Amino acid sequence: MAQSVSAFQAAYITIEVLIALVSVPGNILVIWAVKKNQALQDATFSFIVSLAVADVAVGTLVIPLAIVINIGPQMEFYTCLMVACPVLILTESSILALLAIAVDRYLRVKIPLRYKSVVTPRRAAAAIACCWIVSLLVGLTPMFGWNNLNKMRRTQEANASHTAFVIGCKFENVISMEYMVYFNFFVWVLPPLLLMLIIYLEVFNLIRKQLDKKVSSNSSDPQKYYGKELKIAKSLALVLFLFALSWLPLHTLNCITLFCPSCQTPSILTYIAIFLTHGNSAMNPIVYAFRIQKFRTTFLQIWHQYICCETDKNTNNLDNTELGNWPLERAVPDVPYLDLQKSL
1 MAQSVSAFQA AYITIEVLIA LVSVPGNILV IWAVKKNQAL QDATFSFIVS
51 LAVADVAVGT LVIPLAIVIN IGPQMEFYTC LMVACPVLIL TESSILALLA
101 IAVDRYLRVK IPLRYKSVVT PRRAAAAIAC CWIVSLLVGL TPMFGWNNLN
151 KMRRTQEANA SHTAFVIGCK FENVISMEYM VYFNFFVWVL PPLLLMLIIY
201 LEVFNLIRKQ LDKKVSSNSS DPQKYYGKEL KIAKSLALVL FLFALSWLPL
251 HTLNCITLFC PSCQTPSILT YIAIFLTHGN SAMNPIVYAF RIQKFRTTFL
301 QIWHQYICCE TDKNTNNLDN TELGNWPLER AVPDVPYLDL QKSL
């Protein structure tokens, strides 16, 4: 028998669908832009593609599953657990991609002359693969036993076997709050966020030191390079800030649920926190479009060429100026840049 949907649930579903309709095309556009524009095909933007893939999966997989969980149909415990785990996997994937981006930007300003030899495409691909493997292990931990099965069986006094144990499928019914707070938040969310904060502070510090130096008139390339790095670092730090702003409220509510069981959290706050986490997937393409010129230019070219079917004469004339590739294009630095190398 089909389960009826209340007016409140209908409103929730409508908002979730709208988020998905913004998130999926936006992040597909990010992936498309990186594939189309060679100026965006370096390690940083490989990690951005990994982040965009996770955000596409949020719109196409997590949001539909979240709608199912909100309706709360009756299903077998481990089936419900499988419905709840993808959001954990993709959240961790996003965090690790952001951490990889932060480390990559740090290396670009710390060792600009050796960056290309250190951060090779193979190493970047290996880092992305490791991020996804770790994300799978962290997100699937509830499937390995850290879940609410025994708690639910005691609550409902069920005597059925694991395979026959049917419940109303809700996130909090199958996912342990101890796992969400002690393992997911305190180990795999909060420490990476704090580490990224420290890394970006150091990145800005290194860039400011280089920009504050008095350089000769024939050494404008380093100034231009670090100016571009500062701009991109600010944009990516904004992505990190929005991620933290979107996810910390829900984790805070989880902490309240665990440490203060008698505290009553208004359901509207929970829904707002959920919308923030899902809405974060739609934010990044907007940040790239407004803050990173090469993304903005490529987005417009894709729009005109493939959506409006207009011929763009500059399609293949995309340079690397936005990325500030000064040291990456110099095989051997000449004299004006040796002082920069020593200072790093």
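Its first residue numbered 1, the sequence shown is counted upward by one per residue in the working numbering.
The C-beta atom is built at its ideal place from N, Cα and C for all residues, glycine as well.
Computed from a prediction, not measured in an experiment: that's the story for all the values here.
Which first and last residues belong to the beta strand (DSSP E) in which residue i is found?
i: M75; result: Q74 to E76
Helix, strand or coil: how does DSSP classify residue i here?
i: G145; result: coil
i: P167; result: The sequence as given places Ile at residue 167; Pro does not occur at that position. It is a strand residue.
i: T265; result: coil
i: N37; result: coil
i: E310; result: coil
i: P112; result: coil
i: I292; result: coil
i: C85; result: helix
i: D42; result: coil
i: C260; result: coil
i: S6; result: coil
Among the residues of its own chain, which have a CB less than 7 Å from the CB of residue i, if the five just before and after it don't count?
i: L206; result: V109 and K110
i: I199; result: A102, V103 and Y106
i: I15; result: F275
i: A282; result: I19, V22, S23 and G26
i: E229; result: R108, V109, I207 and G324
i: I67; result: I13 and E16
i: A84; result: I69, F171, V174 and I175
i: Q9; result: N70 and I71
i: K213; result: none
i: F204; result: A233
i: D56; result: The identity of residue 56 in the sequence shown is Val, whereas the question assumes Asp. If we look at V56 and ignore the five residues flanking it on each side, its Cβ neighbours are V24, N27 and I28.
i: L136; result: I89
What residue range is occupied by the uninterrupted alpha helix (DSSP H) comprising residue i?
i: M180; result: Looking at the DSSP string, M180 is not in any alpha helix (DSSP H), and its letter there is neither H nor E.
i: P64; result: I63 to I71
i: Q210; result: L190 to D212
i: W132; result: P121 to G139
i: V58; result: Where V58 is concerned, there is no enclosing alpha helix (DSSP H), given that its DSSP letter is neither H nor E.
Do residue j and residue i come within 7 Å of each other at the CB atom, strictly closer than that value?
i: F243; j: N280; result: yes
i: V119; j: A43; result: yes
i: F165; j: I69; result: no
i: A124; j: S6; result: no
i: A97; j: L51; result: yes
i: L250; j: T277; result: yes
i: M177; j: L258; result: yes
i: P64; j: C169; result: no
i: R296; j: S235; result: no
i: W132; j: Y179; result: no
i: R39; j: K294; result: Note that residue 39 is Ala in the sequence shown here, rather than Arg. Contact flag set, yes.
i: A127; j: A100; result: yes
i: E92; j: V138; result: yes
i: L245; j: Y226; result: no
Short of 6 Å in beta carbon distance, which residues of its chain neighbour residue i, apart from the five on each side in sequence? Order them along the chain.
i: C255; result: V181
i: C263; result: I256
i: M75; result: C169
i: A273; result: P249, L250 and L253
i: A54; result: L90, S93 and S94
Would you say residue i faces chain D, with C-beta separation under 7 Å as the test?
i: A127; result: The structure shown contains no chain D; it is built from a single protein chain.
Please go through the same chain and pick out, in chain order, the residues whose beta-carbon is closer than 8 Å to the beta-carbon of residue i, but skip the five residues on each side of it.
i: L29; result: P285, F299 and I302
i: V49; result: V30, I31 and V34
i: M152; result: F77, A158, F165, I167, N173 and V174
i: I95; result: W188, V189, P192, L193 and F243
i: T265; result: L253, I256 and T257
Looking at residue i and the ligand NAP, is the gap between the Cβ and the nearest heavy atom below 6 Å?
i: E16; result: Of ligands this structure carries none, so the ligand NAP is not represented either.
Worksheet item: Would the segment 76 to 89 and the segment 138 to 154 be scored as touching if the rule is three or more Cβ pairs under 8 Å?
Response: Contact between the segment 76 to 89 and the segment 138 to 154 is present, because at least three Cβ pairs lie under 8 Å.
Item to complete: Decide yes or no for the touch test of the segment 234 to 241 against the segment 262 to 273: beta carbon pairs closer than 8 Å, at least 3 of them.
Response: Not touching, per the Cβ criterion.
Fill in: Segment contact, 8 Å Cβ cut-off, at least three pairs: the segment 17 to 32 with the segment 285 to 296
Taking a cut-off of 8 Å for Cβ pairs, the segment 17 to 32 and the segment 285 to 296 touch, as three or more such pairs fall below it.
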